[in-house]
Amino acid sequence: MYKARAYSAAGATSPLAPASIPRRDPADRDVRIEILFCGICHSDLHAVRNEWSEFMSTAYPIVPGHEIAGLVTKIGSAVKKFKVGDLAAVGCLVDSDRTCPRCKAGLENFCPNLRLTFGSRDDHLGGVTYGGYSDSIVVDEHFALRVPSNLDLAGAAPLLCAGITTYSPMRRYAVGKGKKVGVVGLGGLGHMAVKFADALGAQVVVFTTSPHKKEDALRLGADEVVVSRDANEMQKHAGTFDFILDAVSADHDVNAYLNLLALDGNLTLVGAPPKPLGVTAFALIFGNRSLSGSNIGGIPQTQEMLDFCGAHNITADVEVIPIQKVNEAYERLLRSDVKYRFSIDMTSLRE
Ligand code: NAP
Ligand code: ZN
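Residue numbers (the numbering used here): 363 to 713.
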């Protein structure tokens, strides 16, 4: 065991502050990664503030962060995928049983014995797992991903959650040429969804509550931008979408988007607002529409997504900040005041 530097929160109303946390020494199949960048996902904020307490209560102290990218500094004797000095990344998963049908199908994200990067039981050291707001992390190589070397690392880190969470449902619903795709909420997830839908060849419409994001949305790959508070603009698209990805972090009217779906259209929720969303039966019944959810992605598809990003030169648009600005960044995230993901320069932890 060794001590790593980190930022942690002691309670739902406490700020994130410097801390020292235990990490295990790499076992045979483990890699130790020096973390260079960690993205700030809205899920970090929901968890730090215990906003999902009804579904999963936060264990304190919490070290958030599951958009991790860095360099391999140490490997166990049986490691095959990495050597010291390689780029490596870690997303939301750090362990699973590896033997259940879901794991065997590459869907570790649905393993009953899944261990998340932060806040899950730590089977190695006891206590809970600690995330990426830290100078290093140790994981089984199976849960470490390869990062294409052409990608900017600060912008690649957010691919590990915002990237895979939006890529996975788009693959499931065959987003591509000839499909009309909506993206609701131009935040960290939403802006990645726009890039993927555009790269896959779809017609992309962004729905935003922030009129000032219009130009950015077009630059990111949208063909059209709708300010969702304008009922007339919304009505123009009624009944026309094959697929809509909803990446909104707060309470909103999902029926307004269900009504925009074409026959057999699907709306997938990836946003995880703490409060229940009210769904009108007729918004689904009229048109055989469906509403579904999607939870990050498995390890093989996460690697596929990173390789896709390498081939298409896709990264997140990031504002790089030192860890000392993390509490301010959370307040800005709540105001949608970031273009479009904070990426923490983790070398700032040494200051
Ligand atoms: P984010 O960067 O804060 O983006 C959320 C966007 O939602 C905002 O940029 C804003 O877009 C819109 N929004 C915010 N408040 C709103 C309101 N009151 N009404 C309507 N729209 C509002 O957050 P993120 O990191 O992308 O995460 C989005 C959500 O996905 C979070 O709930 C997060 O926990 C969840 N998540 C889920 C998964 C999964 O596996 N399913 C994975 C990661 C994250 P506009 O300004 O364009 O309106
Ligand atoms: Zn996330």
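Just so it is clear, CB atoms sit at the ideal spot from N, CA and C, and this is done for glycine as well.
It should be emphasised that the depicted structure is a prediction, and the values quoted were computed from it without experimental measurement.
Using the three-state DSSP reduction, which class does residue i fall into: helix, strand or coil?
i: residue 380; result: strand
i: residue 621; result: coil
i: residue 400; result: strand
i: residue 517; result: helix
i: residue 502; result: strand
i: residue 432; result: strand
i: residue 538; result: coil
i: residue 697; result: coil
i: residue 688; result: helix
i: residue 639; result: coil
i: residue 677; result: coil
i: residue 648; result: coil
i: residue 658; result: coil
i: residue 584; result: coil
i: residue 409; result: helix
i: residue 372; result: coil
i: residue 603; result: strand
Using only the alpha-carbon positions, how far apart do residue i and residue j sit?
i: residue 467; j: residue 442; result: 21 Å
i: residue 616; j: residue 639; result: 7 Å
i: residue 411; j: residue 523; result: 19 Å
i: residue 452; j: residue 594; result: 43 Å
i: residue 540; j: residue 605; result: 12 Å
i: residue 603; j: residue 476; result: 34 Å
i: residue 705; j: residue 550; result: 11 Å
i: residue 387; j: residue 380; result: 22 Å
i: residue 678; j: residue 684; result: 18 Å
i: residue 622; j: residue 552; result: 18 Å
i: residue 586; j: residue 644; result: 27 Å
i: residue 462; j: residue 515; result: 33 Å
i: residue 488; j: residue 409; result: 20 Å
i: residue 509; j: residue 421; result: 31 Å
i: residue 629; j: residue 435; result: 42 Å
i: residue 486; j: residue 703; result: 32 Å
i: residue 647; j: residue 701; result: 37 Å
i: residue 404; j: residue 444; result: 30 Å
i: residue 378; j: residue 400; result: 15 Å
i: residue 519; j: residue 681; result: 12 Å
i: residue 459; j: residue 558; result: 31 Å
i: residue 565; j: residue 635; result: 27 Å
i: residue 517; j: residue 431; result: 10 Å
i: residue 546; j: residue 597; result: 15 Å
i: residue 584; j: residue 668; result: 21 Å
i: residue 543; j: residue 535; result: 10 Å
Should residue i go down as buried or exposed, given a rule of 16 or more other Cβ atoms within 10 Å for buried?
i: residue 457; result: buried
i: residue 563; result: exposed
i: residue 675; result: exposed
i: residue 662; result: exposed
i: residue 664; result: buried
i: residue 633; result: buried
i: residue 446; result: exposed
i: residue 375; result: exposed
i: residue 625; result: exposed
i: residue 480; result: buried
i: residue 655; result: exposed
i: residue 363; result: exposed
i: residue 406; result: buried
i: residue 471; result: buried
i: residue 670; result: buried
i: residue 573; result: exposed
i: residue 505; result: buried
i: residue 423; result: buried
i: residue 417; result: exposed
i: residue 530; result: buried
i: residue 474; result: exposed
Which residues does DSSP list as the beta-bridge partners of residue i?
i: residue 483; result: 490
i: residue 608; result: 546 and 631
i: residue 365; result: 384
i: residue 457; result: 477
i: residue 666; result: Answer by DSSP bridge pairing: none, since residue 666 is not bridged.
i: residue 452; result: 430
i: residue 464; result: BP columns for residue 464 are empty, so no partner.
i: residue 507; result: 451
i: residue 565; result: 542
i: residue 653; result: 629
i: residue 395; result: 434 and 499
i: residue 570; result: 589
i: residue 472; result: None, per the DSSP bridge assignment.
i: residue 682; result: 705
i: residue 526; result: Beta-bridge pairing links residue 526 to no other residue.
Return no unless some Cβ of chain C is closer than 8 Å to the Cβ of residue i.
i: residue 526; result: Absence of chain C from the displayed structure is noted, only one protein chain being present.
| query | For ligand 2, which residues count as neighbours when the test is a C-beta closer than 5 Å to any heavy atom? | reply | 403, 405 and 523
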